[in-house]
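Take a look at the structure set out below.
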Amino acid sequence: MLDKTIKQLSEGLAAGEFSSEELTRSYLKAIEAKNPEINAFITVTSEQALAQAKAADAKLHEKQAGPLTGIPIAHKDIFCTQGVRTSCGSRMLDNFIAPYESTVTHRLAEAGTVMLGKTNLDEFAMGSSTESSFYGPTRNPWQLDTVPGGSSGGSAAAVAAGMAAAATGTDTGGSIRQPAAFCGLTGLKPTYGRVSRWGMIAYGSSLDSGGPLSRTAEDAAIMLNAIAGHDPKDATSMDRPVDDYTSRLNEPLKGLRIGLPKEYFGEGLDSGIADVVHQAVAELKQLGAVVKEISLPRTELSIPAYYIIAPAEASTNLSRYDGVRYGHRCDDPADLEDLYKRTRAEGFGAEVKRRILVGTYALSAGYYDAYYRKAQQLRRLIKEDFQSAFDQVDVILGPTTPSVAWKVGEKDNDPVSMYLEDIYTLSVNLAGLPGLSVPCGLSQGLPVGLQLIGNYFDESLLLNIGHQYQQVSDWHQRRPA
Amino acid sequence: MSLDRSQVENVAQLARIQIKEDEMADTLASLSNIMSLVDQLQAVDTEGVEPLANPLDAQALLRADEVTESNHRDDYQLIAPQAEKGLYLVPKVIE
Chain A
2 MLDKTIKQLS EGLAAGEFSS EELTRSYLKA IEAKNPEINA FITVTSEQAL AQAKAADAKL
62 HEKQAGPLTG IPIAHKDIFC TQGVRTSCGS RMLDNFIAPY ESTVTHRLAE AGTVMLGKTN
122 LDEFAMGSST ESSFYGPTRN PWQLDTVPGG SSGGSAAAVA AGMAAAATGT DTGGSIRQPA
182 AFCGLTGLKP TYGRVSRWGM IAYGSSLDSG GPLSRTAEDA AIMLNAIAGH DPKDATSMDR
242 PVDDYTSRLN EPLKGLRIGL PKEYFGEGLD SGIADVVHQA VAELKQLGAV VKEISLPRTE
302 LSIPAYYIIA PAEASTNLSR YDGVRYGHRC DDPADLEDLY KRTRAEGFGA EVKRRILVGT
362 YALSAGYYDA YYRKAQQLRR LIKEDFQSAF DQVDVILGPT TPSVAWKVGE KDNDPVSMYL
422 EDIYTLSVNL AGLPGLSVPC GLSQGLPVGL QLIGNYFDES LLLNIGHQYQ QVSDWHQRRP
482 A
Chain B
13 MSLDRSQVEN VAQLARIQIK EDEMADTLAS LSNIMSLVDQ LQAVDTEGVE PLANPLDAQA
73 LLRADEVTES NHRDDYQLIA PQAEKGLYLV PKVIE
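Protein sequences appear in the order of chains A and B. Counting in this note's numbering, the first sequence runs without a single skipped number right up to 482 at its last residue. Counting in this note's numbering, the second sequence runs without a single skipped number right up to 107 at its last residue.
This is the structure:
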């Protein structure tokens, strides 16, 4: 039961094979058994989950259930959940009981999902391995000495280990797609502005996108149906029609034009990953897709552009943690200045401080033009590269990551080497495009992700391709031993 | 590029983050490393390119300026480090 998809569970609930309460109890039991080793959850909300499950069972009984009614899921601990601690993986918010609810978690609750708990993440979502959390690292269920990716690593590990049917994540530079790739899951980063950021603790506000991590593209479509759409509480959320993301899943891929950016298959790509991605391309060709090589010439420059823009926005966003209104406050401050400085020195971990300092520097007097403005100019050039590519092809395909999950602790003392691992995902956030990672094989016994990048608001096409690929492959059905 | 100590101290002051003496060497080294990475930007010709702030080039949506929320002050102050009579308390600022 615990490795079924949302779709299958929903059918089982509707047929009365099991109740949501039974399902929820099974997941809670799995969490109790596995979480001490994997550390995917920061907070488990058993009582709330069982109450929601009972309410869902009532709806099911009254035949008023939707596709998500009674489905137990987990939320990345970056989404504010009213009355439940929302830590963002930081000592700064260790005592923060959110006084309001994020739009994403609200909409999923309204759709009838059961919240099992809040998952671990890199502190304030700044990282690619879920090692920088104040609550300790999360382990990859595929090999416990490797990282699950990040920053949504707790969400990915929870689903991969059968501790939740699906989970929410956020993606600022790859934080949904990369952990999905590392843990053998499907992960969707929607177009910027498609999913409301209200109540999603801010990192880089012009980059942050909330989205699902699930077992299949079909499940991701079901989740996106619940969370997509305009929200007056987020001024950057787009007011335009929302697709039924499940409606095009079964369309044939005949004539689909796929572009392979040569920069995504060059030096630095693990050869095992290159092999399985090429095999997936061959299978898509069999389904009728037409493949051509394209170029995204500024791919490498997305790293410096991102590592200016994201820290700059973070330094601004994280100035709110001042020890005055909520969160950590240092003991016995001598004066207000001392209160700010020690609160922030104690409350933030090393990587968060690094990014705040880099961002502060990039925005400071005399450097703004050389860094922040320059990075934003490059950002436009990167967006234009994608736009020229979409004149020639319908979708862009490549590996999600240049390597599979690395060992816990391996990149501890070398932040820059970890930044380089984001090479294929960062530019998608800079351009604001949707991206989907689906499992497409194993390398060194660890899952490999295939990344599909679509044009703006073309999530339906990405999910269609993912779903069609999952009809002819079984990588999404593989589970960690 | 490498940063010098006074630059790091200045940035830490702007960011209101205390850096202890025994953290200074590491902070200097890692920030210098990151700045060397991002300095690759400087080689790109961006003359005349309009900076991109919102990836969709979208303008923030405006709404009518109407009251839509009730007062949550008491709820919000429940989680404050120190609050009294509806006020947030901080160390004395004015003598």
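Built from N, CA and C at the ideal position, the CB exists for glycine as well.
Check whether chain B comes within 8 Å of residue i, counting only Cβ atoms and requiring the distance to be less than that.
i	result
A/Leu302	yes
A/Val417	yes
A/Val325	yes
A/Arg321	no
A/Leu493	Nothing can be reported for residue 493 of chain A: it is not among the residues displayed for chain A, which extend from 2 to 482.
A/Asp341	One point to set straight first is that residue 341 of chain A is Tyr, not Asp, in the sequence displayed. It does; some Cβ of chain B falls within 8 Å.
A/Lys384	yes
A/Arg380	yes
A/Ala229	no
A/Leu145	no
A/Asp336	yes
A/Tyr420	yes
A/Lys119	no
A/Arg330	yes
A/Arg374	yes
A/Gln179	no
A/Pro305	yes
Is the CB of residue i under 8 Å away from at least one CB in chain A?
i	result
B/Ile29	yes
B/Asp34	no
B/Asp87	yes
B/Ile106	no
B/Asn45	yes
B/Ser82	no
B/Met56	Inspection of the sequence shows that residue 56 of chain B is occupied by Val rather than by Met. So, interface residue.
B/Ala41	no
B/Ala37	no
B/Val79	no
B/Leu99	no
Our contact map puts residue i next to residue j with C-beta atoms below 8 Å; I'd like the distance itself, whole angstroms only.
i	j	result
B/Leu49	A/Pro68	At roughly 44 Å, the Cβ-Cβ gap does not stay under 8 Å, so B/Leu49 and A/Pro68 are not in contact.
A/Thr131	A/Ser103	The Cβ separation is near 20 Å, so there is no contact.
A/Gly211	A/Met224	The pair is not a contact, with the Cβ atoms about 10 Å apart (cut-off 8 Å).
A/Ala99	A/Thr87	4 Å
A/Asp240	B/Leu73	6 Å
A/Gly348	A/Arg92	5 Å
A/Asp78	A/Ile43	5 Å
A/Arg380	A/Leu431	5 Å
B/Val20	A/Ser365	Actually they are not in contact, since the Cβ atoms of B/Val20 and A/Ser365 sit about 12 Å apart, beyond 8 Å.
A/Thr237	A/Gly174	Not quite, the Cβ-Cβ distance comes to about 17 Å (not below 8 Å), so this is no contact.
A/Leu261	A/Val282	7 Å
A/Ala41	A/Ala159	4 Å
A/Gly17	A/Lys60	No, A/Gly17 and A/Lys60 are not in contact; Cβ-Cβ is about 13 Å, not under 8 Å.
A/His477	A/Val439	7 Å
Using a Cβ-Cβ cutoff of less than 7 Å, which residues in the same chain neighbour residue i once the five nearest sequence positions on both sides are dropped?
i	result
A/Ser176	Ala126, Gly151, Ser152, Ser153, Gly170
A/Pro253	Gly289
A/Glu22	Leu51, Ala54, Lys55, Asp58
A/Gly455	Val396, Leu434, Pro435, Leu462, Leu463
A/Leu94	Thr87, Ser88, Gly328
Spatial neighbours of residue i within its chain, please: C-beta separation below 8 Å, excluding the five flanking residues on both sides.
i	result
A/Glu284	Tyr470, Val473, Ser474
B/Ile46	none
Ignore the nearest five residues each way along the sequence and tell me which others in residue i's own chain have a CB closer than 6 Å to its CB.
i	result
A/Thr402	Gln179, Ala182
A/Thr192	Pro435, Tyr457, Phe458
A/Arg356	Met127, Pro312, Ala315
A/Leu257	Ala290, Asp395
B/Gln89	Ala95
A/Lys206	The residue asked about is misnamed: residue 206 of chain A is Ser in this sequence, not Lys. Correct list, in chain order: Glu314.
A/Ala376	Ala306, Ile309, Ile310
Determine, for residue i, whether the minimum Cβ-Cβ distance to residues of chain D falls below 8 Å.
i	result
B/Leu53	In the structure shown, chain D cannot be found, because the protein chains are A and B.
Using a Cβ-Cβ cut-off of less than 7 Å, list which residues of the region 92-117 of chain A approach chain B; keep chain order. If the cut-off is 7 Å between Cβ atoms, the region 92-117 of chain A has Phe97, Ile98, Pro100 near chain B.
Contact between the region 429-445 of chain A and the region 292-300 of chain A: three or more CB pairs below 8 Å? As far as the Cβ criterion goes, the region 429-445 of chain A does not touch the region 292-300 of chain A, which means the pair count is below three.
Decide if the region 212-219 of chain A is in contact with the region 181-191 of chain A; the criterion is three or more beta carbon pairs, one per stretch, under 8 Å apart. Yes: at least three Cβ pairs fall under 8 Å.
Given 8 Å as the limit, is there contact between the region 21-35 of chain B and the region 391-399 of chain A, that is, 3 or more CB pairs closer than that? Between the region 21-35 of chain B and the region 391-399 of chain A there are fewer than three C-beta pairs closer than 8 Å, too few to call the two in contact.
Taking only beta carbons into account, state which residues of the region 234-268 of chain A come closer than 8 Å to chain B, listed in chain order. With the criterion set as a beta carbon lying under 8 Å from some beta carbon of chain B, the members of the region 234-268 of chain A are Ala236, Thr237, Ser238, Met239, Asp240, in sequence order.
With a cut-off of 8 Å, do at least 3 Cβ pairs link the region 157-166 of chain A to the region 23-31 of chain A? Contact between the region 157-166 of chain A and the region 23-31 of chain A is present, because at least three Cβ pairs lie under 8 Å.
Where the region 351-365 of chain A meets chain B: residues whose CB sits under 7 Å from a CB there: For the region 351-365 of chain A, the set of residues with a beta-carbon nearer than 7 Å to any beta-carbon of chain B comprises Lys354, Arg355, Ile357, Leu358, Val359, Thr361, Tyr362, Ser365, in chain order.
Check distances from the C-beta atoms of the region 183-214 of chain A to those of chain B and list, in chain order, the residues that come in under 7 Å. From the region 183-214 of chain A, only Tyr193, Gly194, Ser207 have a Cβ closer than 7 Å to chain B.
What are the residues in the region 59-77 of chain B lying within 7 Å of chain A by C-beta distance? Against chain A - using a Cβ distance shorter than 7 Å - the residues of the region 59-77 of chain B are Val61, Glu62, Pro63, Leu64, Ala65, Asn66, Pro67, Leu68, Ala70, Ala72, Leu73, Arg75.
At least 3 beta-carbon pairs within less than 8 Å: the region 225-238 of chain A vs the region 403-419 of chain A: Result no; under three Cβ-Cβ pairs closer than 8 Å.
Specify whether the region 338-347 of chain A and the region 382-394 of chain A touch according to this definition: at least 3 beta carbon pairs, one from each stretch, less than 8 Å apart. Touching, no.
Residues in the region 386-407 of chain A with C-beta within 8 Å of chain B's C-beta atoms, listed in sequence order? Within the region 386-407 of chain A, no residue qualifies.
Going along the chain, which residues of the region 308-319 of chain A sit with their C-beta nearer than 8 Å to a C-beta in chain B? Look at the region 308-319 of chain A: the residues with a C-beta under 8 Å from a C-beta of chain B are Tyr308, Ile309, Ser316.
Are there three or more Cβ pairs, one per stretch, closer than 8 Å when the region 140-149 of chain A is compared with the region 445-465 of chain A? Contact check between the region 140-149 of chain A and the region 445-465 of chain A: three or more CB pairs, one atom from each, fall below 8 Å, which counts as touching.
In the region 447-479 of chain A, which residues sit with their C-beta less than 9 Å from some C-beta in chain B, listed in chain order? Correct list: Tyr457.
Positions along the region 131-164 of chain A whose CB lies within less than 7 Å of some CB in chain B: For the region 131-164 of chain A, which is checked against every Cβ of chain B, not one residue is closer than 7 Å.
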